[in-house]
Structure formats: structure tokens, C-alpha cells
Amino acid sequence: MGRMRGLGRCRPPRFVLAARGGGQEFAPASLDLPALIECRADVPTYNDFALWLSSAPGAVETLGWKEVASGNPFLSQYELPAKIRVFNRETGSIVFTAAGPMAVLDGVAAPELAEELNVMAVFSTPQKFLGEKVVVHSTEESEGLTFSTDVKLNVSTVESHPGKTLAGCSYTLEIK
Numbered sequence: 118m119g120r121m122r123g124l125g126r127c128r129p130p131r132f133v134l135a136a137r138g139g140g141q142e143f144a145p146a147s148l149d150l151p152a153l154i155e156c157r158a159d160v161p162t163y164n165d166f167a168l169w170l171s172s173a174p175g176a177v178e179t180l181g182w183k184e185v186a187s188g189n190p191f192l193s194q195y196e197l198p199a200k201i202r203v204f205n206r207e208t209g210s211i212v213f214t215a216a217g218p219m220a221v222l223d224g225v226a227a228p229e230l231a232e233e234l235n236v237m238a239v240f241s242t243p244q245k246f247l248g249e250k251v252v253v254h255s256t257e258e259s260e261g262l263t264f265s266t267d268v269k270l271n272v273s274t275v276e277s278h279p280g281k282t283l284a285g286c287s288y289t290l291e292i293k
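Quick note on the working numbering: the sequence shown kicks off at 118 and runs consecutively.
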């Protein structure tokens with residue numbers, strides 16, 4: 118079959134992957150956004166949230182988020198009603214990639230944050246940084262299919278956000 122991701126290119130984020138073992142109704146009051154960003158949540162929890170966010174009428178407004186132009190067709194960006202603390206830093210802005218949420222951080226260079234978080238650089242030049250660390254990798258077989266789950270911590274820079282570091286989690290499931 119192929120690789121499927123928790124969120125696709127989104128405005129607001131749209132749900133692509135059915136949560137295996139999840140599927141419970143999401144309660145907005147239960148949202149722990151720092152846990153989702155810092156890879157302290159599991160794939161079903163993330164997918165329940167993503168499904169709710171993409172399909173519930175007024176979900177973004179319910180959370181008090183304000184969508185802002187990201188300048189990047191692969192990122193949906195939101196300003197939060199109050200700052201959150203992630204990776205020992207505060208931010209009031211987040212983005213969603215195809216696979217998960219990331220904090221938009223000021224005042225820390227991507228290589229520096231990656232080193233603090235033990236994230237290995239995959240690509241590093243003065244213009245671009247991309248690093249990732251596997252937090253969870255599991256494989257299970259069911260009904261003749263193999264389900265491979267990956268949760269990865271990512272640190273990067275993007276041209277659309279000069280002087281900013283993006284750090285967050287990707288939640289993916291590959292079905293073969």
C-alpha cells in the first residue's frame with residue numbers, strides 16, 4: 118500500500134490516517150499541545166486530535182487559535198491565544214506539517230536546539246538545517262498487513278520563516 122501520514126497539506130489540518138486502536142471522540146479540553154509537539158503523545162492520540170481539528174465545525178475557533186499566512190504551501194500556521202512552553206522555550210505560534218505539529222521558535226539556532234535535544238543533523242548548511250531523532254518505531258502484523266509506526270522529533274529551518282527554528286513531532290504509519 119504505501120506511506121500514510123497523520124496530517125496532509127492542510128488548511129486547517131486534515132486527517133488522512135485512521136487511528137489504529139483509537140477513534141474515540143476528541144475532547145478539546147484534553148488537548149496537551151506541548152505533549153503533541155514534544156513527541157510525548159502516541160499516534161492514536163494525535164490522530165484523534167487531527168481528525169477532530171479537521172472535521173469539527175469551528176474547531177480552530179474553539180481552541181482560540183488564529184490562522185495566519187505561513188508563506189509556505191506545506192505549512193499551516195496558527196497563533197495561539199496564550200504562549201505555551203515547549204523544549205524549555207515559550208512560543209505563541211505553531212505550524213502543522215504533513216505529519217504533525219511544530220513550534221515556531223525565536224532565539225535559538227536549529228543546530229543548537231538539535232544538540233540540546235540529541236537530534237541528529239540529516240542536512241546542515243548555513244542556509245538550511247534538518248535533523249530528526251526516532252522516538253518510537255514499532256512494527257506489527259495484522260490480517261496479512263504490516264503496520265510500521267514511527268514517531269520522530271524534528272528540528273529544521275525553512276525559507277518561509279527566516280530567523281526561526283521549527284521543532285516538533287511527526288507521527289506516521291506505513292502499511293505494507
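Beta carbons: idealized from backbone N, C-alpha and C, even for Gly.
For clarity, every value in this text was computed on a predicted model and none was experimentally measured.
Look at the alpha carbon of residue i and the alpha carbon of residue j, and state the distance between them as a whole number of angstroms.
i, j, result
"Arg202", "Val221", "11 Å"
"Lys245", "Glu155", "22 Å"
"Pro174", "Ile292", "30 Å"
"Tyr195", "Gly181", "10 Å"
"Gly138", "Ala158", "Low per-residue confidence applies at Gly138: pLDDT is 43, beneath 50, and the placement is therefore not dependable enough to give any value."
"Thr179", "His278", "27 Å"
"Thr274", "Ala176", "28 Å"
"Glu276", "Phe191", "12 Å"
"Leu283", "Glu257", "31 Å"
"Ser255", "Lys281", "32 Å"
"Ala186", "Ser193", "8 Å"
"Val225", "Lys183", "24 Å"
"Thr164", "Pro243", "The sequence shown places Asn at residue 164, rather than the Thr named in the question. Approximately 35 Å, taken between the alpha carbons."
"Glu229", "Met237", "11 Å"
"Ala227", "Ser147", "30 Å"
"Val253", "Leu150", "19 Å"
"Ala199", "Glu207", "10 Å"
"Pro294", "Val160", "Nothing about residue 294 can be read from this structure; the chain reaches only from 118 to 293."
"Phe143", "Ile211", "20 Å"
"Thr162", "Glu232", "28 Å"
"Val239", "Leu153", "22 Å"
So, under 8 Å CB-CB, residue i and residue j are touching, yes? Tell me the CB distance rounded to an integer number of Å.
i, j, result
"Phe107", "Leu234", "Because residue 107 is not part of the residues shown, which for the chain are 118 to 293, the question remains open."
"Leu197", "Gly188", "Between Gly188 and Leu197 the Cβ distance is about 18 Å, and since that is not below 8 Å, they are no contact."
Could you spell out where the alpha helix (DSSP H) holding residue i opens and where it closes?
i, result
"Val160", "Val160 to Ser172"
"Val275", "Segment: none, Val275 is in no alpha helix (DSSP H) and carries neither H nor E."
"Leu153", "Leu150 to Ile154"
"Glu178", "Ala176 to Leu180"
Starting from residue i, trace the beta strand (DSSP E) both ways and give me its first and last residue.
i, result
"Glu184", "Lys183 to Val185"
"Glu291", "Thr282 to Ile292"
Quiz item: Between the stretch 273 to 291 and the stretch 207 to 224, do three or more beta carbon pairs fall short of 8 Å?
Solution: Output reads yes: the stretch 207 to 224 touches the stretch 273 to 291.
Self-check item: Cβ pair count under 8 Å reaching 3, the stretch 245 to 263 against the stretch 164 to 180
Solution: Taking one beta carbon from each stretch, the stretch 245 to 263 and the stretch 164 to 180 have fewer than 3 pairs nearer than 8 Å; the two do not touch.
Quiz prompt | Every unbroken alpha helix (DSSP H) inside the stretch 190 to 272 [4 residues or more] | solution = 227 to 233, all fully within the stretch 190 to 272.
Practice problem: For the stretch 247 to 259 and the stretch 267 to 280, state whether three or more C-beta atom pairs, one from each stretch, are separated by less than 8 Å. | Solution: The answer is yes - the stretch 267 to 280 touches the stretch 247 to 259, with three or more Cβ pairs under 8 Å.
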